[in-house]
Structures are given as structure tokens and as C-alpha cells.
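Trainee: Numbering (this note's numbering), first residue to last: 75 to 844. Quick reminder that beta carbons are idealized off the backbone N, C-alpha and C, glycines included. Since the model is a prediction, treat every value here as computed from it, not as a measurement.
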Amino acid sequence: MRQFLVANLIRLSKSVEMHANGEAVTAKNVDLSNCDREQVQFSGAIQPHGCMLVIELTSLRILQASANCADLLGISFEKPGEKTLADVIPTRVEAVVSRLSTENLDNGPVHLASLKAQDTRASRPFHLFGHRCGGAMILEFEVLPDEDGWPMLDLYSDLRATMARLHAAPTLQSFFDFAVAQIRRFTGFERVMAYKFQEDGSGHVIAESIADGFQSYLGLHYPASDIPAPARRLFALSWLRHLPNADYEPIPLVPELSPHTGAPVDLSYASLRSVSVMYTGYLKNMGVKASMVMPLMKNGALWGLLACNHESAPRHVPFEIRMASEFLAHMISLTMSSKEDAESSDYRSHMKEVLERLMRALHGNPDIHAALCASPDANIRHYIDAGGAALITEGQITKFGETPSDEQLRELAIWLAGRDELVVANDRLAEHLPDAAPYVEIAAGVLAVRLSKRRPDFVMWFRPEQAHTVQWAGDPAKPVHIDESDGSVRLSPRMSFAIWKESVKGRSKPWITCEIEAAADLRWGIVDVILARAEETELVNRKLREVNRELDSFAYVASHDLKEPLRGINHLATFVQRKQGDPDQHIETILKLTRRMDDLIESLLQYSRTGRVDLMLEDVDLGALVDEALQMLTKRVAESGVVIRRSVKLPIVKADRVRLREVLVNLISNAIKYNDKGERWIEIGIEREKPVTLYVRDNGIGVDQKNHAKIFKIFRRLHGRDEFGGGTGAGLTIARKTIERHGGRIWLTSTPGAGSTFFFTLQEEERPPS
Ligand code: ADP
């Protein structure tokens with residue numbers, strides 16, 4: 075009775091599973107007619123704790139039988155089709171046949187009958203299971219295990235209590251800790267482990283319950299190859315795989331091939347199916363004598379395994395306890411999915427909260443580094459689970475936790491910028507960027523979001539090499555039962571762990587989808603704020619331009635109007651001087667001052683004109699323009715005896731010809747003026763092609779670094795009024811305004827006493843030097 079209760083519960087839980095997946099388990103993944111599978115299920119042999127008959131569906135004639143039938147069932151089969159099921163279980167055949175017609179036998183073995191000793195010719199009890207494969211029926215007669223040594227359980231109430239506690243487990247870890255402990259209590263196995271598979275097929279032990287004195291495998295990682303794809307597919311097919319004795323002798327089916335199809339029978343679902351020698355070898359290397367494995371499924375895919383091992387002796391688990399375990403595994407699968415989703419949704423909502431705080435900080439603080447890095451509760455460091463994080467903008471770096479050095483970060487940023495992706499998630503950086511190899515221990519993986527199109531500005535998170543972060547809790551030096559004679563030594567926990575470590579060298583824990591999405595969300599947030607700020611700046615700039623224009627027109631009108639009375643003073647003073655006949659010191663001074671004032675007003679007029687008048691852009695041959703400028707300075711060049719050196723070939727640029735010539739005239743005349751050497755020279759040439767950078771170099775007096783900014787300010791001179799031929803101090807200011815209106819930049823390098831070089835560009839540069 076109890077066993078039917080459990081069987082019904084299992085059916086119920088399976089239908090829940092179907093519902094949860096939104097896809098019927100029976101659809102294509104449990105299609106027994108499809109025998110085109112891997113080799114393991116075509117082994118044509120079974121384990122010896124039972125025997126097997128393959129019978130014809132309608133006639134019940136026996137087509138194939140395992141070679142141990144004579145021993146176990148007390149009947150032998152010489153020729154296919156010669157005997158029927160009635161010859162094997164004469165008294166129960168009708169009851170079994172009626173169940174065959176009512177049960178759905180396509181989803182794997184169904185318990186058809188508990189046969190008593192008197193029901194068989196060998197006078198021993200069996201559990202009889204049956205399922206369909208193609209046109210045939212596979213019947214499995216499983217012998218009953220010893221009665222002794224099984225935990226006393228009231229399965230129904232025990233299961234109910236267990237389920238309630240599993241549901242209440244607060245975390246996924248506590249859930250699994252309890253689940254493995256309960257399965258061990260139900261089955262009495264010495265070791266019960268929960269494995270979880272990773273995306274690359276490797277897996278690790280996430281929970282374990284062991285008998286006293288056993289070595290723990292908790293935390294053990296093993297490579298994907300330890301459970302090959304065909305084995306994984308088979309695990310996903312049936313809810314329980316039991317191997318009572320790993321050291322068994324396989325029993326062949328006779329005849330080997332189906333008389334109907336001429337091919338081996340597909341034993342994928344048969345619970346007695348002989349398992350792969352790889353698997354028994356693995357178990358033997360681990361010192362395991364009996365095992366039971368149940369898959370953990372999530373959304374129709376294999377998520378992990380519940381593995382039970384017995385090391386002291388073979389262990390044949392009774393059918394009822396297997397049913398209870400299977401039911402539990404079902405429920406664990408279902409509950410685990412929602413628990414895991416809940417855990418990742420906790421992580422997601424954490425990231426959402428931090429993102430909101432980061433955005434608020436960013437809106438309130440124009441300094442992006444202060445906004446994203448300064449406060450403990452709004453900080454990129456806590457946004458995504460990583461070993462370290464860094465923010466790089468315009469060459470400025472803020473770091474947290476374990477990160478590469480500033481120099482390495484800059485190189486990494488340049489490499490990332492070259493990849494043309496806005497979000498980069500990489501868990502094996504050194505494979506793509508060999509320069510990253512020295513720092514795999516802190517940044518084997520990087521998640522990066524790009525903040526600027528033109529500059530290598532990034533937010534980055536780093537994860538260390540996984541092999542460094544995972545240590546197997548077990549003692550790797552302690553030998554486990556390894557048989558080195560057959561070369562299968564590779565399949566042992568210790569070696570598996572070593573192989574796994576080897577296979578994940580240079581790799582970090584992978585970045586998961588919600589982390590990559592969160593990184594992208596942060597990027598959008600930052601870019602939005604930067605754009606909004608750029609718009610504000612543009613608005614302010616526009617206003618500034620208007621004000622500047624007004625100032626320029628004011629300066630123009632004012633200087634223009636000032637010229638009028640100045641001219642009057644000048645005429646008057648000249649008139650008085652002429653009338654007096656004798657030169658008068660005071661009048662001389664008035665005249666000199668009016669000339670100086672006139673110069674100043676003229677400079678102011680020229681400056682304001684530079685701001686007001688639109689540029690007339692055209693293709694300008696720089697070589698010809700330098701010639702023109704030198705032409706205009708012929709007299710000064712000749713008088714000073716300066717030697718002019720210049721590049722033969724200068725490029726063509728887009729510029730306002732007249733304005734640019736003014737700039738050249740100013741730079742060259744300054745280079746002539748501010749020189750006290752006996753042999754003076756000036757060199758004119760191109761420093762860089764892109765963007766075109768022209769320079770005018772001299773061997774003059776030079777400019778002290780502290781005055782570099784000053785000399786571009788209007789009316790600022792570094793010398794006495796009459797030294798070096800005088801001047802108003804407006805030339806470089808006007809030159810700078812002209813250059814900036816072209817979109818370029820003017821600057822100088824100089825060694826005081828040895829000379830100066832003035833450079834200028836006419837368009838925006840890719841990356842202004844920081
Ligand atoms: P001005 O030549 O009329 O004084 P500028 O604006 O052209 O005005 O130059 C500003 C100041 O910068 C000059 O007074 C001079 O002190 C300094 N200066 C300009 N060019 C040179 C140069 N080639 N070498 C040294 N000093 C220079």
C-alpha cells in the first residue's frame with residue numbers, strides 16, 4: 075500500500091514538473107522509439123541483481139532474455155519466440171497483462187507487480203517493472219535486497235516533514251545541506267553529495283552529508299570530461315540510477331540483437347542496464363562499492379546531481395526507499411529552482427538599489443569620480459560582485475579592492491577601447507591580451523563599460539583566477555583507492571580536482587547575464603548624465619559666445635569712439651608745438667602718450683574684429699602662406715640678420731587665409747624681436763601630420779614656464795615698454811583667438827635663455843594631452 079502511495083506521489087510530482095517547465099516531459103526527450111542514442115545504452119547487458127526479458131507486445135512471446143534467467147527465474151530460453159510470459163509467471167500473467175494495458179509505459183519503467191516466491195518457477199520473490207521500447211516490452215525482474223539494516227521510516231510522514239523543512243530553508247545552501255542529510259537518513263548511504271554543473275559542463279560539490287570518519291569532498295571541482303555528455307543525457311532521462319555493486323559482472327542479453335530489428339535493444343530507461351566501464355572505473359577509484367544517482371533538473375535541463383555512495387560494502391536499496399528518494403529528488407528540483415531564482419533576484423534587487431543610489435550621487439555631483447567612488451553606500455565597488463573595481467576618465471583613475479596597477483589599467487583601457495564594444499565581459503583576459511598574463515591572480519576576468527566614444531574612459535570590475543580562489547577542502551595528499559594498473563588513475567577525486575584546476579587556469583568565475591545587464595544599465599545612466607551635462611555646458615557656451623560678441627562690439631565701438639578725441643588731442647598738441655616754435659618737453663610727452671594710446675586702441679580694435687568677423691575658410695597652402703608672411707617682414711628680417719630655416723614641403727589646410735597670415739606674422743616677428751643672440755635663427759616646420767601641427771622655433775631669450783599662460787593674456791608683456799622694440803602685448807592674444815576659432819590650440823615649449831617653440835593646430839585633437 076505504502077509503495078503505491080509513494081508511486082502516486084511521484085506521478086503527481088512529475089506532472090507538476092511538466093507544468094513548471096511548460097513542456098511535457100513525454101514529448102521528445104522521452105521518446106523510446108528513438109533508439110538513435112549513444113553507445114552506453116546499447117551495451118546489451120544488465121547488472122546481476124535481476125534479470126530481463128524482452129517480449130513481443132501483443133503475443134507476449136519472449137524475444138530476448140538475460141543469460142541469468144535460468145538461475146534467477148528457474149527457466150531457460152533456447153530459441154527466441156519459443157516461450158511466452160505465461161511460462162515464466164503462470165499465476166500472475168493475467169494481472170500483469172491487464173496492468174500493461176492500463177499503464178502508460180512510455181515514460182520509463184513502471185512497477186507492475188510484487189511477485190511472491192510462489193509466483194515464479196524459482197520460488198523467489200521479485201519486483202517486476204516494465205516499459206515499452208519501440209515495438210517491444212522490456213520486463214525487469216529485480217531480486218529483493220536483504221531485509222536487515224534499513225532505517226525504520228514512516229515514509230509518508232517522514233517525507234511530509236522533510237518537504238516542509240525544505241520549503242522553509244532560508245538560503246539555497248541551507249536547503250541543500252538539509253536535503254543531502256535527509257537523503258542520507260532515508261537511504262543509509264555513507265556519502266550523499268549535491269553537485270552543481272556550470273555552463274562549461276564542469277561541476278562542483280555544493281553540499282555533502284557523510285558518515286563519521288569519511289573524507290569530505292565538499293568544494294571539490296571536477297572537469298566536464300568526468301561526466302561525459304552521453305552520461306549526462308542518460309542521467310537527465312531517468313529520475314534514479316542505482317548501482318548496487320560497482321564490482322559486478324555484466325550479464326548479456328541472449329540473443330544479443332533483437333530478432334525483430336536486427337539491432338541491439340535500447341536500454342536507456344532500463345533500471346538494470348549495465349553501466350559504462352568509465353563510470354564503474356571512476357567509482358572504484360573513489361573506493362565506492364555502491365551508488366545511487368538522481369538528477370536535479372531546472373527548466374527541463376540537467377542542473378546538477380544528487381549522488382549517493384557507499385564505500386564499506388555493496389548496497390542494494392529497496393524499491394520503496396528508492397521511490398521515496400526519487401520523490402524527494404523531484405521535490406528538491408522544483409523547490410531548488412524557485413530558491414535559486416529567489417537568490418539571484420536578491421542579487422538583482424541589490425544591484426538595482428545601488429544603481430539608484432549611484433544615479434542620485436551622479437546627479438548631485440558634477441565630479442564623476444566623487445559621485446561613483448566616494449560614498450560607502452553609492453559605490454561602483456559594491457555594485458557587482460567582484461574582487462576589485464576601477465573608474466578611469468580622462469586619465470584619472472580611482473581604484474578599489476584588488477586591481478591591476480595604474481599603468482596596466484591604462485593599457486587595458488586602450489585595448490578595450492580598440493574592441494569597439496560598449497560592454498565587454500571577459501572571463502579569460504590573458505587569452506586575448508597577453509599583457510594581462512602577469513596579473514591573472516587579481517584580474518583573470520574583466521567586466522567593463524565604456525563611457526566615452528573618443529577617450530578610453532571605463533568603469534571596470536575584476537575577478538581573480540578561479541583556480542586560485544577555490545581550494546578543495548579534502549586532503550589531496552591522502553590516497554584514495556586508485557588502481558593504476560588499468561590506466562584509469564585519471565578518474566579519481568584528487569586527479570579530477572587537479573585536472574579541473576588545470577583547465578580553468580587563467581580564467582575567472584564567469585560574468586552572469588544579470589551582471590552584464592547591470593553593467594550596461596550603469597553605463598546608460600552615466601552617459602545620460604554626461605549628455606545632460608554636455609547640453610547644459612553647450613547652453614552656457616552659447617550664452618558666453620553671445621556675451622563675448624557683445625563685448626567685442628562694445629570694444630569696437632568704444633575704441634572707435636576713443637580714437638576721435640585722441641586724434642583731437644594729438645592735433646592740438648601738434649598745433650601748440652608748431653606755434654611755440656621751440657620743442658617743449660611736456661608737449662613731446664603728450665604726443666608720445668597719444669601715439670601709444672593709439673597703438674593700444676588699434677590692438678583692441680583688431681582683437682574685437684577677430685571675435686566678430688566670420689572666418690572665411692578655404693584650402694590654404696601653408697608653404698605659400700609662410701612665404702607671404704616672410705615677405706611682409708622682409709625689412710625686419712634683413713635688419714636683424716636672422717637666418718630663416720623652413721621645411722620645404724608644408725601641407726594644405728582649411729583656414730582663413732588672412733587671419734592665419736596674421737598669426738604667422740606675429741609669431742615670426744616675435745621670434746625676431748625677442749632674441750639677443752649674435753647669430754639669430756628661426757625654424758618653421760611641421761611637428762605632426764595629424765592633426766597638422768605647425769611650429770615656429772627661435773634661439774631667442776625664451777619664456778619661463780611660469781609665464782606661459784600669462785603671455786597669451788591681452789596687454790600682458792614680460793618686458794619694459796621700450797625693451798625689444800616695444801609692443802602692446804596683444805599679438806599672442808589675437809593669435810590665440812584666431813587659432814581657437816579654427817578649432818585648434820596654440821602653446822609653447824621653451825628653455826629660458828636658449829629659445830622658444832610656438833606650436834599651433836587648426837582642428838580638434840583626438841586626445842588632448844592630460
Ligand atoms: P608683444 O610682442 O606686442 O609684446 P605678444 O602678445 O606678441 O605681444 O607677446 C607677449 C609677450 O610674450 C611678449 O611681450 C614677450 O615678452 C613674450 N614673447 C612673445 N614671443 C616670444 C618669443 N618668441 N620669445 C620670447 N618671448 C616671447
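Tell whether a beta-carbon distance below 8 Å holds between A364 and N319.
Mentor: Yes, they are a contact pair.
Trainee: The alpha helix (DSSP H) spanning I454 covers which residue range?
Mentor: Run containing I454: I454 to Y457, per the alpha helix (DSSP H) assignment.
Trainee: Is it buried or exposed, W598, if we count other Cβ atoms within 10 angstroms and call 16 or more buried?
Mentor: W598 comes out exposed.
Trainee: Determine which residues share a DSSP beta bridge with E609 and list them.
Mentor: DSSP, once it has assigned bridges, lists no residue as partnering E609.
Trainee: Taking C-alpha atoms, which residue in L503, I442 and R396 lies nearest to I257?
Mentor: Ranking L503, I442 and R396 by Cα distance to I257 puts R396 first.
Trainee: So, under 8 Å CB-CB, L311 and Y269 are touching, yes? Tell me the CB distance rounded to an integer number of Å.
Mentor: With 8 Å as the limit, L311 and Y269 do not qualify as a contact, their Cβ atoms being about 17 Å apart.
Trainee: Using a Cβ-Cβ cut-off of 6 Å (strictly less than) and excluding sequence neighbours within five positions of I664, which residues of its own chain qualify?
Mentor: Only A647 meet the Cβ criterion.
Trainee: Between the beta-carbon of T261 and the beta-carbon of M366, is there less than 8 Å?
Mentor: Taking 8 Å as the Cβ cut-off, T261 and M366 qualify as a contacting pair.
Trainee: Could you tell me if S633 is buried or exposed, where buried requires 16 or more neighbouring beta carbons within 10 angstroms of its beta carbon?
Mentor: By the neighbour-count rule (16 or more Cβ atoms within 10 Å), S633 is buried.
Trainee: For I788, name the three-state secondary structure that DSSP assigns.
Mentor: Coil at I788, not helix or strand.
Trainee: Specify the secondary structure class of V128 as computed by DSSP and reduced to three states.
Mentor: Correct three-state label for V128: strand.
Trainee: Counting only runs of 4+ residues fully inside the region 773–831, write out the alpha helix (DSSP H) ranges in chain order.
Mentor: Fully enclosed alpha helix (DSSP H) runs of 4 or longer: 805–815.
Trainee: Taking the alpha carbon of E713 as the point to measure from, which residue in R669, R754 and E485 has its own alpha carbon closest?
Mentor: With distances taken between Cα atoms, E713 lies closest to R754.
Trainee: So what's H555 in DSSP terms, helix, strand or just coil?
Mentor: The predicted position of H555 is uncertain, since its pLDDT is 43 and thus under 50; a value taken from the coordinates is nonetheless stated next. Note: H555 maps to coil in three-state DSSP.
Trainee: I'd like the list of long-range same chain contacts for N744, defined as Cβ closer than 7 Å, with 5 residues on each side in sequence excluded.
Mentor: Contacts found: G805.
Trainee: In this structure, how does DSSP classify I120 when only helix, strand and coil are distinguished?
Mentor: Note: I120 maps to strand in three-state DSSP.
Trainee: Within the same chain, show all residues whose beta-carbon is closer than 6 Å to that of A487, passing over the 5 residues directly before and after it, in chain order.
Mentor: I466, P530 and F532, listed in sequence order.
Trainee: Under the criterion of a Cβ to heavy atom distance below 7 Å, does Y769 qualify as lining the ligand ADP?
Mentor: No.
Trainee: Cα separation between G461 and F250?
Mentor: Between G461 and F250, the C-alpha separation is close to 27 Å.
Trainee: Is the Cβ-Cβ distance between L147 and A210 less than 8 Å?
Mentor: No, these two residues do not count as a Cβ contact at 8 Å.
Trainee: Apart from the five residues on each side of it in sequence, which residues of its chain come closer than 7 Å, Cβ to Cβ, to S418?
Mentor: Only C588 meet the Cβ criterion.
Trainee: Any idea if M410 is buried or exposed, counting beta-carbon neighbours within 10 angstroms, 16 or more meaning buried?
Mentor: Under this definition M410 is a buried residue.
Trainee: Under 8 Å, do R719 and V700 count as touching if we go by C-beta distance?
Mentor: No, these two residues do not count as a Cβ contact at 8 Å.
Trainee: Using beta-carbon positions only, say whether G829 and G774 come within less than 8 Å of one another.
Mentor: Cβ distance < 8 Å, so G829 and G774 count as in contact.
Trainee: Just the Cα atoms here: how many angstroms apart are I556 and Y356?
Mentor: In this predicted model, I556 has a pLDDT of only 45, less than 50, meaning its place in the structure is not dependable enough to derive any value.
Trainee: Could you pull the start and end residues of the alpha helix (DSSP H) that F252 belongs to?
Mentor: Counting along the chain, the alpha helix (DSSP H) containing F252 begins and ends at L246 to T261.
Trainee: Give me the Cα-Cα distance between I120 and A511, rounded to the nearest whole angstrom.
Mentor: Between I120 and A511, the C-alpha separation is close to 51 Å.
Trainee: Using only the alpha-carbon positions, how far apart do F881 and M690 sit?
Mentor: Nothing can be reported for residue 881: it is not among the residues displayed for the chain, which extend from 75 to 844.
Trainee: Which class does W313 belong to by DSSP, given the choice of helix, strand or coil?
Mentor: Reduced to three states, the DSSP call for W313 is coil.
Trainee: Considering E495, what are the terminal residues of the alpha helix (DSSP H) in which it resides?
Mentor: Run containing E495: none; DSSP gives neither H nor E here.
Trainee: Among residues of its own chain, excluding the 5 on either side of F474, which ones have a beta-carbon nearer than 8 Å to its beta-carbon?
Mentor: Closer than 8 Å at Cβ, skipping near neighbours: C447, N453, I454, R455, G462, A463 and A464.
Trainee: Between the C-alpha atoms of E757 and G655, what's the straight-line distance to the nearest angstrom?
Mentor: So the alpha carbons of these two residues sit roughly 50 Å apart.
Trainee: Applying the 10 Å Cβ sphere with the 16-neighbour rule, what's the burial state of P183?
Mentor: The residue is buried, with at least 16 neighbouring Cβ atoms inside 10 Å.
Trainee: Could you pull the start and end residues of the alpha helix (DSSP H) that I516 belongs to?
Mentor: Taken as a continuous stretch (DSSP letters only), the alpha helix (DSSP H) holding I516 covers V514 to A517.
Trainee: Rounded to whole angstroms, how far is the Cβ of G580 from the Cβ of A522, which I believe are closer than 8 Å?
Mentor: 18 Å between Cβ atoms; not a contact.
Trainee: Rounded to whole angstroms, how far is the Cβ of K118 from the Cβ of P326, which I believe are closer than 8 Å?
Mentor: In the sequence as displayed, the identity of residue 118 is Gly instead of Lys. About 6 Å separates the two Cβ atoms, so the contact holds.
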